[in-house]
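Each residue of the sequence shown is one higher than the one before, starting from 6 at the first, in the numbering used here.
Here is the structure we will look at, set down as structure tokens.
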Amino acid sequence: MLINTTDNVTGKFRKISAIYKPTSVGEIVKIVEDARLSKIPLYPISTGFNWGYGSKSPTIDNCALVDLSKMNRILNANEISIDNPIAVIEPGVTQIQLYEFLKKNCPALTFNVTGSSNTTSIIGNSLDRGVGYFGPRKEDLFGLEVITGTGEILRTGFRRLGDASPLAFSHPYGLGPILDGLFFQSNFGIVVSACFRLYPRRPQEIVISIIPKNNNNLPALIDTLSRFKREQLINSVPHIANRARTAATLNMRMVQYLNHECKLSYEIAKEQAALALNKIIKHEWASLAVIKGNNKQVEAAVKEIKARIKNFASLRIYTENRLNFGFTLTHHVQSLIPQARIIAAAIYSILPLHRLALGTPTDVPVQNLLWKYNYPNSNAIELDQSRCGLLFISPALPTDGMLATEIIEGMKTVAAKFNHILYITINIETATSLIAVTNLLFDKTSQAETNNAHRCAAELLEFIQEKGLELYRARSDIMEQVTSISPAYWETIAALRQFFDPDNIIAPGRYNSLK
Ligand SMILES: Cc1cc2nc3c(=O)[nH]c(=O)nc-3n(C[C@H](O)[C@H](O)[C@H](O)COP(=O)(O)OP(=O)(O)OC[C@H]3O[C@@H](n4cnc5c(N)ncnc54)[C@H](O)[C@@H]3O)c2cc1C
Numbered sequence: 006m007l008i009n010t011t012d013n014v015t016g017k018f019r020k021i022s023a024i025y026k027p028t029s030v031g032e033i034v035k036i037v038e039d040a041r042l043s044k045i046p047l048y049p050i051s052t053g054f055n056w057g058y059g060s061k062s063p064t065i066d067n068c069a070l071v072d073l074s075k076m077n078r079i080l081n082a083n084e085i086s087i088d089n090p091i092a093v094i095e096p097g098v099t100q101i102q103l104y105e106f107l108k109k110n111c112p113a114l115t116f117n118v119t120g121s122s123n124t125t126s127i128i129g130n131s132l133d134r135g136v137g138y139f140g141p142r143k144e145d146l147f148g149l150e151v152i153t154g155t156g157e158i159l160r161t162g163f164r165r166l167g168d169a170s171p172l173a174f175s176h177p178y179g180l181g182p183i184l185d186g187l188f189f190q191s192n193f194g195i196v197v198s199a200c201f202r203l204y205p206r207r208p209q210e211i212v213i214s215i216i217p218k219n220n221n222n223l224p225a226l227i228d229t230l231s232r233f234k235r236e237q238l239i240n241s242v243p244h245i246a247n248r249a250r251t252a253a254t255l256n257m258r259m260v261q262y263l264n265h266e267c268k269l270s271y272e273i274a275k276e277q278a279a280l281a282l283n284k285i286i287k288h289e290w291a292s293l294a295v296i297k298g299n300n301k302q303v304e305a306a307v308k309e310i311k312a313r314i315k316n317f318a319s320l321r322i323y324t325e326n327r328l329n330f331g332f333t334l335t336h337h338v339q340s341l342i343p344q345a346r347i348i349a350a351a352i353y354s355i356l357p358l359h360r361l362a363l364g365t366p367t368d369v370p371v372q373n374l375l376w377k378y379n380y381p382n383s384n385a386i387e388l389d390q391s392r393c394g395l396l397f398i399s400p401a402l403p404t405d406g407m408l409a410t411e412i413i414e415g416m417k418t419v420a421a422k423f424n425h426i427l428y429i430t431i432n433i434e435t436a437t438s439l440i441a442v443t444n445l446l447f448d449k450t451s452q453a454e455t456n457n458a459h460r461c462a463a464e465l466l467e468f469i470q471e472k473g474l475e476l477y478r479a480r481s482d483i484m485e486q487v488t489s490i491s492p493a494y495w496e497t498i499a500a501l502r503q504f505f506d507p508d509n510i511i512a513p514g515r516y517n518s519l520k
């Protein structure tokens with residue numbers, strides 16, 4: 006019997022034939038062996054919250070889902086320490102699970118958290134080359150244990166030496182060709198465990214915001230932040246958000262504060278939040294980055310950054326203490342001083358995002374979307390069931406401020422033809438590249454809105470590809486468009502897949518051509 010997939014924020018659904026929820030490696034081997042005989046393809050998910058990229062939906066109909074969320078053990082829980090900062094995890098381990106584990110057992114360590122929700126996975130996100138606040142997660146994951154499409158178990162790097170080897174979980178490369186990369190954005194196999202890098206916390210961890218004085222200063226902001234990243238003056242992925250993105254990020258909690266804490270009616274709270282956002286967000290672009298180190302290192306970095314941006318931007322510094330102090334003070338007098346109320350509301354909405362940038366996962370970004378679409382509760386895992394429609398269409402770019410600005414302006418022009426505004430966050434993810442994370446929002450209960458958003462996304466993709474650029478990560482429903490560029494390259498990928506998965510049994514069409 007065919008069962009429909011659960012709803013999907015992209016508004017594109019696939020039929021699935023079954024759902025497996027294995028709890029062991031042995032069970033998965035059996036699932037793969039059976040699939041080879043039955044020819045029913047498999048689609049592995051870790052937690053399946055790949056919102057905006059396809060969620061749980063495979064690229065083709067009639068796959069069986071292999072839901073790995075029940076395999077959620079931290080396999081070396083007793084060995085993790087400040088001197089052994091590696092977690093060996095199964096696919097079902099979530100951000101909040103690892104966060105709570107470290108808080109309890111090794112608070113000196115943290116990890117590369119993404120802006121998605123508490124309950125998203127680490128392995129699935131990393132395999133789709135997701136990006137956290139500290140960098141691309143690909144850099145954090147190594148030593149994979151994979152079940153290939155032939156049902157064999159392959160361990161990459163020095164995990165091949167066996168778990169008893171002192172090198173098994175510590176050396177990220179191994180000897181010889183590095184196979185890890187073959188299993189990211191490929192679905193050549195099902196990853197059943199992997200090593201995940203943890204990071205030491207530093208005595209000083211602050212968030213800074215550099216805000217250009219003039220809306221035309223985006224190229225300078227991108228170039229400057231890229232240099233700061235290369236010089237390690239800042240220690241995170243700098244985020245540069247446009248006004249629409251910033252407002253959408255702050256709006257819900259501002260309304261909640263005004264409504265719950267200031268006892269304004271919901272309608273008045275919404276009006277006041279809109280007015281306040283206009284006052285607070287004075288410029289089109291605002292950035293956020295993290296500086297970490299000992300007191301002297303952070304002080305020196307702030308001093309240098311201040312000096313180097315003074316001609317075109319201003320600097321704000323946020324610490325937990327400053328934000329808490331500011332909130333206590335302004336909240337205390339909010340009923341007397343309207344300006345204080347606005348500041349208190351702003352701090353209330355910034356706090357979870359400030360903590361997120363420093364390594365505390367949160368559901369707030371997803372709750373913002375549920376709230377925008379009037380979903381009756383704030384349970385992030387229900388996003389796919391809400392009216393919210395979401396498509397990510399995020400080009401990768403070099404760290405060239407002029408070029409990035411030109412592409413973003415071109416994308417905005419395309420979107421305007423479809424009456425879409427773009428919510429954009431420029432993430433400077435490596436020393437030499439950035440991604441313009443761009444989302445289109447629509448009401449997916451409206452077929453007209455869904456079609457319009459998909460047409461808009463398709464034209465945005467054409468625009469990006471015509472410029473000789475590509476997406477950094479692709480939705481499962483656009484694999485044909487993605488693999489039609491550089492066909493010879495995708496033929497090589499197909500040949501590699503043939504080796505690992507000769508029956509094309511694992512996620513056919515996902516990051517590979519069906520032709
Ligand atoms: C508001 C919002 C904010 C977001 N912020 C971010 C962000 O900051 N950074 C970011 O990267 N994303 C972000 N996302 C996108 C997305 O929600 C996350 O990337 C999320 O972590 C992906 O879902 P998942 O972890 O459940 O992975 P899954 O959906 O389980 O898997 C993702 C992909 O990997 C494959 N896969 C999964 N597990 C395996 C396995 N064990 N073996 C082989 N293949 C596998 C799947 O087939 C799928 O293609 C955001 C989304 C929203 C709505």
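Idealized CB from N, CA, C, for every residue including glycine.
Since this is a predicted model, take the numbers as computed values, not measurements.
- Message: Let me see if you follow: with CB-CB separation under 8 Å, is Pro177 close to chain D or not?
- Response: Protein chain content of the structure displayed is limited to a single chain, and chain D is not contained in it.
- How would you write the range of the beta strand (DSSP E) that Leu466 sits in, first residue to last? On the sequence shown, residue 466 is found 461 positions in, with the first residue counted as 1. Counted as a single uninterrupted DSSP element, the stretch harbouring Leu466 is not any beta strand (DSSP E) but the alpha helix (DSSP H) occupying residues Gln452 to Glu471.
- Message: Would you say the beta carbon of Ile128 is closer than 7 Å to some non-hydrogen atom of ligand 1?
- Response: For the purposes of this step, residue 128 is taken as the residue at position 123 of the sequence shown. It does: the Cβ of Ile128 is within 7 Å (strictly closer) of some heavy atom of ligand 1.
- Query: Where DSSP assigns a beta bridge to Cys111, which residues make up the other side?
  - Reply: Locating residue 111 in the sequence shown gives position 106, counting from the first residue. Looking at the DSSP assignment, Cys111 forms no beta bridge with any residue, so it has no partner.
- Query: Going by beta carbon distance, what residues of the same chain come within less than 7 Å of Ser518, once the five residues before and after it are set aside?
  - Reply: Indexing the sequence shown from 1 puts residue 518 at position 513. Cβ contact annotation for Ser518 (same chain, cutoff 7 Å, sequence separation greater than five): Thr488, Trp495 and Ala499, in chain order.
- Message: Is the beta carbon of Val196 closer than 8 Å to that of Ile260?
- Response: What you label residue 260 is simply residue 255 of the sequence shown in a count that begins at 1. What you label residue 196 is simply residue 191 of the sequence shown in a count that begins at 1. Note that residue 260 is Val in the sequence shown, not Ile. At least 8 Å separates the beta-carbon of Val260 from that of Val196.
- Item | Three-state secondary structure (DSSP) of Leu7 | Residue numbering aside, residue 7 sits at position 2 when the sequence shown is read from its first letter. Unreliable placement is indicated for Leu7, whose pLDDT of 43 sits below 50; the coordinate value is still reported in the next sentence. Here Leu7 sits in coil by DSSP.
- Among the residues of its own chain, which have a CB less than 6 Å from the CB of Asn384, if the five just before and after it don't count? Counting from 1 along the sequence shown, the entry for residue 384 is found at position 379. None.
- Query: Nearest to Ala291 by alpha carbon, out of Ala169, Asn382, Ile216 and Ala305?
  - Reply: Walking along the sequence shown from the start, residue 291 turns up at place 286. The residue with the shortest Cα to Cα distance from Ala291 is Ile216.
- Item | Residue interval of the alpha helix (DSSP H) (run including Gln494) | Reading the sequence shown from its first residue, position 489 is the one you call residue 494. According to the sequence as given, residue 494 is Tyr; it is not Gln. Where Tyr494 is concerned, the enclosing alpha helix (DSSP H) stretches over Pro492 to Phe505.
- Task: Would you identify the three-state DSSP class for Asn13, choosing helix, strand or coil?
- Result: For the purposes of this step, residue 13 is identified with residue 8 of the sequence shown, where counting begins at 1. Reduced to three states, the DSSP call for Asn13 is coil.
- Cut-off 8 Å between Cβ atoms - residues of its own chain near Leu230, not counting five sequence neighbours on either side: As a first step, residue 230 is located in the sequence shown; it is residue number 225 there, counting from the start. Ile215, Ile239, Pro243, Ile245, Ser292, Ala294 and Ile433, listed in sequence order.
- Could you give the DSSP three-state label for Gly406: helix, strand or coil? Reading the sequence shown from its first residue, position 401 is the one you call residue 406. Helix.
- Given His176, which residues of its chain have a CB within under 6 Å of its CB, disregarding the five upstream and five downstream residues? Position 171 of the sequence shown holds residue 176. For His176, where only same-chain residues beyond five positions count, the Cβ hits under 6 Å are Phe163.
- Secondary structure at Ile24, three-state DSSP: helix, strand or coil? As a first step, residue 24 must be located in the sequence shown, where it is residue number 19. Three-state result, Ile24: strand.
- Is the stretch 406–421 close to the stretch 362–381, with three or more CB pairs under 8 Å? Three or more beta-carbon pairs separated by less than 8 Å are not found between the stretch 406–421 and the stretch 362–381, which leaves the two stretches without contact.
- Message: Quick check: does the Cβ of Leu358 come within less than 7 Å of any heavy atom belonging to ligand 1?
- Response: Here residue 358 corresponds to residue number 353 of the sequence shown, with the count starting at 1. For Leu358, the shortest separation between its Cβ and any heavy atom of ligand 1 does not lie below 7 Å.
- Find the nearest neighbour of Tyr323 within the set Ile296, Arg346 and Tyr428, judged by alpha-carbon distance. Within the sequence shown, the letter at position 318 stands for residue 323. Comparing Cα-Cα distances from Tyr323 to each of Ile296, Arg346 and Tyr428, the minimum goes to Ile296.
- Query: By Cβ distance, which residues of its chain are closer than 6 Å to Pro49, with the 5 residues on each side in sequence left out?
  - Reply: For the purposes of this step, residue 49 is taken as the residue at position 44 of the sequence shown. Closer than 6 Å at Cβ, skipping near neighbours: Val71 and Ile195.
- What is the rounded straight-line gap between the Cα of Asp88 and the Cα of Arg207? Within the sequence shown, the letter at position 83 stands for residue 88. Within the sequence shown, the letter at position 202 stands for residue 207. Whole-angstrom Cα-Cα distance: 14 Å.
- Item | Those residues which DSSP pairs with Glu475 across a bridge | For this step, residue 475 is matched to residue 470 along the sequence shown. Answer by DSSP bridge pairing, in chain order: Ala401.
- Task: Label Val338 either buried or exposed according to how many other C-beta atoms from any shown protein chain fall within 10 Å of its C-beta, with 16 as the threshold for buried.
- Result: Sequence index remark: in the sequence shown, residue 338 carries index 333 (1-based). Classification of Val338: exposed, given that the 10 Å Cβ count is below 16.
- Query: Hey, quick one: how far does the beta strand (DSSP E) through Asn283 stretch, first residue to last?
  - Reply: Here the question's residue 283 lines up with position 278 in the sequence shown. Bounds of any beta strand (DSSP E) do not take in Asn283; it lies within the alpha helix (DSSP H) bounded by Tyr271 to Ile285.
- Query: In whole angstroms, what separates the C-alpha of Ile65 from that of Lys109?
  - Reply: Your numbering for residue 65 matches position 60 in the sequence shown. Your numbering for residue 109 matches position 104 in the sequence shown. Taken atom to atom, the span from the alpha-carbon of Ile65 to that of Lys109 is near 42 Å.
- Endpoints, beta strand (DSSP E) assigned at Arg202: Sequence index remark: in the sequence shown, residue 202 carries index 197 (1-based). Per DSSP, the unbroken beta strand (DSSP E) holding Arg202 starts and ends at Gly194 to Arg202.
- Check: Pro182 C-beta below 7 Å from any heavy atom of ligand 1: For the purposes of this step, residue 182 is taken as residue 177 along the sequence shown, with counting starting at 1. Relative to ligand 1, even the nearest heavy atom lies 7 Å or more away from the CB of Pro182.
- Indicate the three-state DSSP secondary structure (helix, strand or coil) for Ile213 in the structure shown. Locating residue 213 in the sequence shown gives position 208, where the first residue counts as 1. Here Ile213 sits in strand by DSSP.
- Unbroken stretches of the alpha helix (DSSP H), 4 residues or longer, contained in the stretch 322–349: The stretch 322–349 contains these whole alpha helix (DSSP H) runs: 325–337.
- For Val34, does the three-state DSSP call read helix, strand or coil? Reading the sequence shown from its first residue, position 29 is the one you call residue 34. Val34 sits in a helix when the DSSP states are folded into three classes.
- Where Ala169 and Ala512 are concerned, what is the direct C-alpha to C-alpha distance, given to the nearest angstrom? For the purposes of this step, residue 169 is taken as residue 164 along the sequence shown, with counting starting at 1. For the purposes of this step, residue 512 is taken as residue 507 along the sequence shown, with counting starting at 1. So the alpha carbons of these two residues sit roughly 33 Å apart.
- Have a look at Glu471, Arg327, Ala493 and Glu289 and flag the residue whose alpha-carbon is nearest the alpha-carbon of Leu223. As a working mapping, residue 223 is identified with position 218 in the sequence shown. Selected option, being the one with the closest Cα: Glu289.
- Query: Where are the beta strand (DSSP E) runs, 3 residues long or more, that stay fully inside the stretch 42–116, in chain order?
  - Reply: Taking only runs of at least 3 residues, the beta strand (DSSP E) segments lying wholly in the stretch 42–116 are 47–50, 68–72 and 91–94.
- Message: If contacts are defined as beta-carbon pairs under 8 Å, then Ala436 and Pro400 qualify, I think. What distance do you get, rounded to the angstrom?
- Response: As a position in the sequence shown, residue 436 is number 431, starting the count at 1. As a position in the sequence shown, residue 400 is number 395, starting the count at 1. Wrong, their Cβ atoms sit about 18 Å apart, outside the cutoff.
- Cβ of Thr161 within 7 Å of any heavy atom in ligand 1? For the purposes of this step, residue 161 is identified with residue 156 of the sequence shown, where counting begins at 1. Not under cutoff, so the answer is no.
- Contained alpha helix (DSSP H) runs [length at least 4] in the stretch 412–443, N- to C-terminal order: If only uninterrupted alpha helix (DSSP H) runs of at least 4 residues are considered, none is enclosed by the stretch 412–443.
- Is Ala512 near ligand 1, going by C-beta to nearest heavy atom under 7 Å? To locate residue 512, count along the sequence shown from 1; it is residue 507. Under cutoff, so the answer is yes.
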